[in-house]
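Novice: One structure, as structure tokens, below. Some questions next.
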Amino acid sequence: MTGISERLLTAFETHDVEDIRAVLDAGFDASSSIGGKTVVNHLIEMYFRSDRFATCLRLLLERGAVLDDPHLAPVLLNDADALASAVAANPVLLRHRTQMPCTFTPLDGATPLHVAAEYGHAEVAERLLVLGADPNAAADVDADGLNGQTPLFHAVNSNANRSAPVMRLLLAAGARADVRVQGITWGRGFDWETVCYDVTPLSYAQLGLLPQMQRIEADTYANIVELLAALGRPAPRLGNVPNRYLR
């Protein structure tokens with residue numbers, strides 16, 4: 021790997037727009053690959069989540085990068101108006117199924133709403149719901165009977181709790197908080213891969229306490245309280261958050 025490639029990947033890790041632009045201005049080909057993977061997929065697979073992701077992606081696309089699934093461009097760019105135009109031209113996009121790499125919850129057979137939930141893109145998530153997207157659509161189940169999660173699973177356990185606003189949108193739109201799947205392979209193919217068995221949105225939120233998930237304890241329990249409320253269950257007093265033993 022060249023030094024300029026390493027610089028680009030480092031910039032992806034924190035969504036450093038200016039450094040990405042500097043690398044591209046220096047002549048790096050945005051349509052190229054690094055280590056057998058396209059540059060744009062390196063960005064998409066990064067674990068970091070922020071508002072700057074869309075700006076980084078747009079910059080790559082403007083410089084010649086191509087998405088594996090171009091239908092997802094408005095969703096990944098969090099461009100609600102472009103999404104509305106695309107759906108007006110082709111309403112079936114609301115039920116479109118995609119296969120894309122993901123560092124956390126799998127996106128195999130995922131709908132645009134799954135993708136919006138995974139990246140915490142509240143604007144397009146809200147527009148998708150207004151346009152009629154199904155908040156309880158299930159992703160694909162693999163050969164072992166795992167996954168098949170709804171968009172809510174992506175929103176309850178997210179990096180820096182970025183997807184919490186999407187969680188609230190989904191719950192308000194009728195997303196079931198009691199749905200159960202046999203399991204989810206979280207982080208499939210990465211060093212942090214973890215198979216989580218017998219999972220509901222509530223238990224999946226609580227799995228954010230696992231060290232490999234690196235979630236903030238207070239965020240995890242805040243999401244649990246909201247999910248309990250959606251289930252009509254009282255939330256017990258949480259007197260040990262953050263956990264004193266782990267301080």
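Plus 20 on top of the position in the sequence shown (first one is 1) and you've got our numbering.
Cβ atoms here follow ideal geometry from the backbone N, Cα and C, with glycine treated the same way.
Helix, strand or coil for TYR67, going by three-state DSSP, please let me know.
Specialist: Counting from 1 along the sequence shown, the entry for residue 67 is found at position 47. Coil at TYR67, not helix or strand.
Novice: Considering only the alpha carbon of each residue, which of SER178, ARG257, LEU151 lies closest to MET66?
Specialist: Here residue 66 refers to the residue found at position 46 of the sequence shown. If we check each option's Cα against that of MET66, SER178 comes out closest.
Novice: Which same chain residues end up closer than 6 Å to ALA153 when comparing Cβ atoms and leaving out the 5 residues on each side of it in sequence?
Specialist: As a position in the sequence shown, residue 153 is number 133, starting the count at 1. Answer for ALA153: LEU114, LEU133, listed in chain order.
Novice: Residues in its own chain within less than 8 Å of LEU229 by CB, not counting five upstream and five downstream?
Specialist: Walking along the sequence shown from the start, residue 229 turns up at place 209. Only ARG235, GLU237, THR240 meet the Cβ criterion.
Novice: Select from THR214, SER70, GLU146 the residue whose C-alpha is nearest the C-alpha of LEU190.
Specialist: Locating residue 190 in the sequence shown gives position 170, counting from the first residue. Of THR214, SER70, GLU146, the residue nearest in Cα terms is GLU146.
Novice: What are the partner residues of GLN119, as DSSP defines its beta bridges?
Specialist: Sequence index remark: in the sequence shown, residue 119 carries index 99 (1-based). Answer is ASP128, bridged to GLN119.
Novice: For a quick check, are the C-beta atoms of ARG208 and ASN156 less than 8 Å apart?
Specialist: Start at 1 with the first residue of the sequence shown, and residue 208 comes out as number 188. Start at 1 with the first residue of the sequence shown, and residue 156 comes out as number 136. Not closer than 8 Å, so no.
Novice: If I follow the unbroken beta strand (DSSP E) through ILE204, where does it start and stop?
Specialist: Here residue 204 is taken as the residue at index 184 of the sequence shown, counted from 1. Per DSSP, ILE204 belongs to the beta strand (DSSP E) from 201-206.
Novice: Three-state secondary structure (DSSP) at ILE218?
Specialist: By 1-based counting over the sequence shown, the position of residue 218 is 198. It should be noted that the sequence gives Asp, not Ile, for residue 218. Strand, per DSSP.
Novice: Tell me the residue span of the alpha helix (DSSP H) that contains LEU114.
Specialist: To locate residue 114, count along the sequence shown from 1; it is residue 94. Segment: none, LEU114 is in no alpha helix (DSSP H) and carries neither H nor E.
Novice: DSSP beta-bridge partners for ILE54?
Specialist: On the sequence shown, residue 54 is found 34 positions in, with the first residue counted as 1. BP columns for ILE54 point to LYS57.
Novice: Quick one: residues in its chain with C-beta nearer than 8 Å to the C-beta of ALA159, no 5 flanking neighbours on either side, listed in chain order?
Specialist: The residue you call residue 159 lines up with position 139 of the sequence shown. Same-chain partners within the cutoff: PRO126, LEU127, ASP128, GLY129, ALA130, THR131, HIS134, ASN167, GLY168, GLN169, THR170.
Novice: In angstroms, rounded to a whole number, what distance separates the CA positions of THR75 and LEU44?
Specialist: Translated into the one-based positions of the sequence shown, residue 75 becomes position 55. Translated into the one-based positions of the sequence shown, residue 44 becomes position 24. Distance between the alpha carbons of THR75 and LEU44 is about 14 Å.
Novice: Let me check understanding here. Comparing Cα to Cα, which of TRP212, GLU213, VAL199, LEU97 lies closest to LEU172?
Specialist: If you number the sequence shown from 1, residue 172 lands on position 152. Considering only alpha carbons, the answer is VAL199.
Novice: Quick one: Cα of HIS62 to Cα of ALA102, how far?
Specialist: Here residue 62 refers to the residue found at position 42 of the sequence shown. Here residue 102 refers to the residue found at position 82 of the sequence shown. If I take the Cα positions, the gap works out to 24 Å.
Novice: Nearest-angstrom Cα distance between ALA100 and ASP49?
Specialist: Taking the sequence shown and counting its residues from 1, the one referred to as residue 100 is at position 80. Taking the sequence shown and counting its residues from 1, the one referred to as residue 49 is at position 29. C-alpha separation (whole angstroms): 28 Å.
Novice: Which residues share a DSSP beta bridge with VAL161?
Specialist: Here residue 161 refers to the residue found at position 141 when the sequence shown is read from its first residue. Per DSSP, ASN167.
Novice: What is the DSSP secondary structure of HIS141, reduced to helix, strand or coil?
Specialist: Residue 141 sits at position 121 when you count from the first residue of the sequence shown. Three-state DSSP puts HIS141 in coil, outside helix and strand.
Novice: Taking the alpha carbon of ARG188 as the point to measure from, which residue in LEU92, VAL261, ALA250, MET233 has its own alpha carbon closest?
Specialist: Residue 188 sits at position 168 when you count from the first residue of the sequence shown. Ranking the options by Cα distance to ARG188, first place goes to ALA250.
Novice: Rounded to whole angstroms, what is the Cα-Cα separation between THR58 and PRO221?
Specialist: The count along the sequence shown starts at 1 and reaches residue 58 at position 38. The count along the sequence shown starts at 1 and reaches residue 221 at position 201. Each residue's Cα considered, the two are about 32 Å apart.
Novice: For MET120, count the other beta carbons within 10 Å of its own beta carbon; 16 or more makes it buried, fewer makes it exposed. Which is it?
Specialist: Translated into the one-based positions of the sequence shown, residue 120 becomes position 100. By the 10 Å Cβ count, MET120 comes out buried.
Novice: Could you give the C-beta distance for GLU33 and PHE73, rounded to a whole number, given that I count them as a contact under 8 Å?
Specialist: Here residue 33 refers to the residue found at position 13 when the sequence shown is read from its first residue. Here residue 73 refers to the residue found at position 53 when the sequence shown is read from its first residue. Contact flag wrong, Cβ pair sits at about 12 Å.
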